[in-house]
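Worksheet for the structure shown next.
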Amino acid sequence: MSAKAIRIGIGGPVGSGKTRLIERLLPLIHEAGLKPAVITNDLVTLEDAIRVKASGLIEETLVIGVETGACPHTAIREDPSVNIQAADALERDNPLDLILIESGGDNLAATFSSELVDYWIFVIDCAAGDDIPRKRGLGMLQADLLVVNKIDLAPHVGADLDRIRHDVLVNRPQKATIYTNLRSPEGAAEVFATIKRDALFSCAEK
Numbered sequence: 032m033s034a035k036a037i038r039i040g041i042g043g044p045v046g047s048g049k050t051r052l053i054e055r056l057l058p059l060i061h062e063a064g065l066k067p068a069v070i071t072n073d074l075v076t077l078e079d080a081i082r083v084k085a086s087g088l089i090e091e092t093l094v095i096g097v098e099t100g101a102c103p104h105t106a107i108r109e110d111p112s113v114n115i116q117a118a119d120a121l122e123r124d125n126p127l128d129l130i131l132i133e134s135g136g137d138n139l140a141a142t143f144s145s146e147l148v149d150y151w152i153f154v155i156d157c158a159a160g161d162d163i164p165r166k167r168g169l170g171m172l173q174a175d176l177l178v179v180n181k182i183d184l185a186p187h188v189g190a191d192l193d194r195i196r197h198d199v200l201v202n203r204p205q206k207a208t209i210y211t212n213l214r215s216p217e218g219a220a221e222v223f224a225t226i227k228r229d230a231l232f233s234c235a236e237k
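All you need for my numbering is the position in the sequence shown, starting with 1, plus 31.
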């Protein structure tokens, strides 16, 4: 597909479902005959990396945990050097098709540096309230793909899913958005299909 692995960022607030999205995507990536690696970012722990390794969904040597020791967005935007080094090391030692780079949980303004990723996803969740799209955070506005997760919880927390859909459409009229319930596989296949179309094949042709 490409001599260089496509690097895909996954950002979003704490608890929105970033790691769960990775866990849902990995089987689909393997089924497609592609070889992935994963980099996770946490402030002072390696919890997400440990979780992904323990899932059994990927070889442990293909998962690297980064302790940022600072605001999560610093390591993916202002100074992404530690993540670039981790990605370069994974790619140097393994024949990879794509690298998933999960940011630490951050606020709605978190974005990825173009030096680090070729394509990036921002995850928000309905349980955080139906006003999130109206806050117009840069993450939601600028991401190549917006994933609105936990749609199953919307009626239980008083979130108006129709209002969310309307506000997302107003603020991202030309950009891809997918609605998911990642506790189940609902929406994961559509996310992967979008990644294949807009990231794997499009970026490989550049």
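Heads up, the beta-carbon is just placed ideally off N, CA and C, and yes, glycines get one too.
- Secondary structure in the segment 59–107: the beta strand (DSSP E) runs of 3 residues or longer, each lying completely within the stretch, are 67–73, 94–98 in chain order.
- Per DSSP, L131 is one residue of the beta strand (DSSP E) stretching across 129–133.
- Residue state for G170 is assigned as helix, using DSSP reduced to three classes.
- By the Cβ test, the segment 123–138 is in contact with the segment 65–73, since at least three Cβ pairs between them sit closer than 8 Å.
- Per the DSSP secondary-structure output, D156 pairs in a beta bridge with N180.
- Residue pairing from DSSP leaves E54 without any beta-bridge partner.
- Taking 8 Å as the cut-off, the beta carbon of D156 is found no closer than this to the beta carbon of H104.
- Selection R38, I226, F153 evaluated against R203 yields F153 as nearest (Cα-Cα).
- R38 sits away from V178, with the two beta carbons spaced by 8 Å or more.
- The beta carbon of R55 sits closer than 8 Å to those of L213, P216, A219, V222, all from its chain and outside the five residues before and after it, given in chain order.
- Looking at the DSSP output, I39 shares a beta bridge with L131, Y150.
- Between the C-alpha atoms of S112 and L172 there is a straight-line separation of about 25 Å.
- Closest option to V97, judged by alpha-carbon separation, among A190, G46, A85, V75: V75.
- Its chain contains M171, I195, D198, V199, N202 as the residues whose beta carbon lies nearer than 7 Å to that of P164, once the 5 sequence neighbours on both sides are disregarded; these appear in chain order.
- Rounded to the nearest whole angstrom, the CA to CA distance from L121 to K35 is 11 Å.
- Going by DSSP, A207 is part of no alpha helix (DSSP H) but of the beta strand (DSSP E) stretching over 207–210.
- By the C-beta density criterion, F143 is buried, having at least 16 other C-beta atoms within 10 angstroms.
- Bounds of the alpha helix (DSSP H) holding N202 are 192–202.
- Shown here, E109 sits in coil according to DSSP, grouped into three states, outside any helix or strand.
- Rounded to whole angstroms, the separation of the alpha carbons of A101 and R82 is 21 Å.
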